[in-house]
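Colleague: In UniProt numbering, the protein residues as written are 1 to 298.
1. So who's on the other strand from residue 132, going by DSSP bridges?
2. Would DSSP call residue 222 helix, strand or coil?
3. Using a Cβ-Cβ cut-off of 7 angstroms, state whether residue 207 counts as contacting chain C.
4. Using the three-state DSSP reduction, which class does residue 1 fall into: helix, strand or coil?
5. For residue 281, count neighbouring Cβ atoms within 10 angstroms of its own Cβ and tell me buried if that reaches 16, exposed if not.
6. Could you pull out every unbroken beta strand (DSSP E) segment of at least 3 residues lying fully inside the region 66 to 103, listed in chain order?
7. For residue 369, which residues in the same chain have their Cβ closer than 6 angstroms to its Cβ, ignoring the five residues on either side in sequence?
8. Reducing DSSP to helix, strand and coil, say where residue 105 ends up.
9. Looking at C-alpha atoms only, which residue of 235, 135, 120, 291 is the closest neighbour of residue 199?
10. Could you tell me how far apart the beta carbons of residue 134 and residue 112 are, in whole angstroms, since I believe they sit closer than 8 angstroms?
11. DSSP three-state label for residue 138, please.
12. Buried or exposed: which applies to residue 53, given that a residue is buried once 16 or more other Cβ atoms fall within 10 Å of its Cβ?
13. Is it buried or exposed, residue 220, if we count other Cβ atoms within 10 angstroms and call 16 or more buried?
14. In angstroms, rounded to a whole number, what distance separates the CA positions of residue 170 and residue 295?
15. Need the endpoints of the beta strand (DSSP E) that residue 193 sits in, please.
16. Do residue 178 and residue 75 have their C-beta atoms within less than 7 angstroms of each other?
17. Check residue 159 in the structure and name its three-state DSSP category.
18. Three-state secondary structure (DSSP) at residue 24?
19. Specify, as a first and last residue, the run of the beta strand (DSSP E) that residue 56 falls within.
20. Is the Cβ-Cβ distance between residue 85 and residue 205 less than 7 angstroms?
21. Specify the secondary structure class of residue 173 as computed by DSSP and reduced to three states.
22. Counting C-beta neighbours from all protein chains within 10 Å, is the total for residue 211 16 or more, i.e. buried, or is it exposed?
23. Return helix, strand or coil for residue 228, following the three-state DSSP convention.
24. Are residue 160 and residue 108 touching if we call contact CB-CB under 7 angstroms?
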């Protein structure tokens, strides 16, 4: 009984820290969200456009899909993850509506970094951040919340770092976590999936600089390069059909996975589908990374 009470108290404390209500558009008339986007947007502009040099290749593709895509079509951007300031600084380039809270992205963020206390949780919620529990699986409560964003947001844009962790060495795109693919599959309207690759943020906010720690503020005088790709096409009907004939493998079953999805796909089928889609996204991002390297050399 005591253990159950402790577990309930821990769950209540965690819920209090995440403050989902603060992320609603109508919270206090939307004024706190607008203020946070104005302040963070100004910070991003200063660092990306004034204190550092940022070059964006194919920026029109991002601008077009953020502000002029078909009504009701969700946008899901994916990028590599090189520092704790990738977001918001990657949106601070000239010409991007960084301070527009209505157009601004939702973003998946690490709960243990951004939601450590009530004050941080409140600020990140106002900044349209969704906490993700590392190791919590792709069907955790917060991933369902991210899905709700795609479902209920109407004109909505969600950003994901599918590598799942920061990697500051200049290496090929790492194997992607399945969470992003699961959101694409489960969304009732398949989102536009737009890949982005960047470099330079690892110099703006290196993980180990002062006594093995990050600097207290982002650094200046660095060169940032960003390349935006074209939307990744998924034939969801064909993929789901192919997944449905995958032989069932009971040895891979894990706690927390639903027995069946609305599409009738068991766990083996889901795993095959998520892996297939993640591999495609990874391949596209790697080609984009190579293209960025070539552009930087010329």
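All residues carry an ideal CB built from backbone N, CA and C; glycine is no exception.
Modeller: So, to answer that:
1. 110
2. coil
3. The structure shown has no chain C; it contains just one protein chain.
4. In this prediction, residue 1 scores a pLDDT of 46, lower than 50, which makes its location untrustworthy; the coordinate-derived value is nonetheless stated afterwards. Correct three-state label for residue 1: coil.
5. Looking at its Cβ environment, which holds 16 or more other Cβ atoms inside 10 Å, residue 281 is buried.
6. 75 to 79
7. The chain is shown only over 1 to 298; residue 369 falls outside these bounds and no answer can be derived.
8. coil
9. 291
10. Right, their Cβ atoms sit about 7 angstroms apart.
11. Of the three classes helix, strand and coil, the one that applies to residue 138 here is coil, per DSSP.
12. exposed
13. Its Cβ having fewer than 16 others within 10 Å, residue 220 is exposed.
14. 15 angstroms
15. 192 to 199
16. no
17. strand
18. coil
19. 53 to 57
20. yes
21. Three-state result, residue 173: coil.
22. exposed
23. strand
24. Result yes, Cβ atoms of residue 160 and residue 108 sit closer than 7 angstroms.
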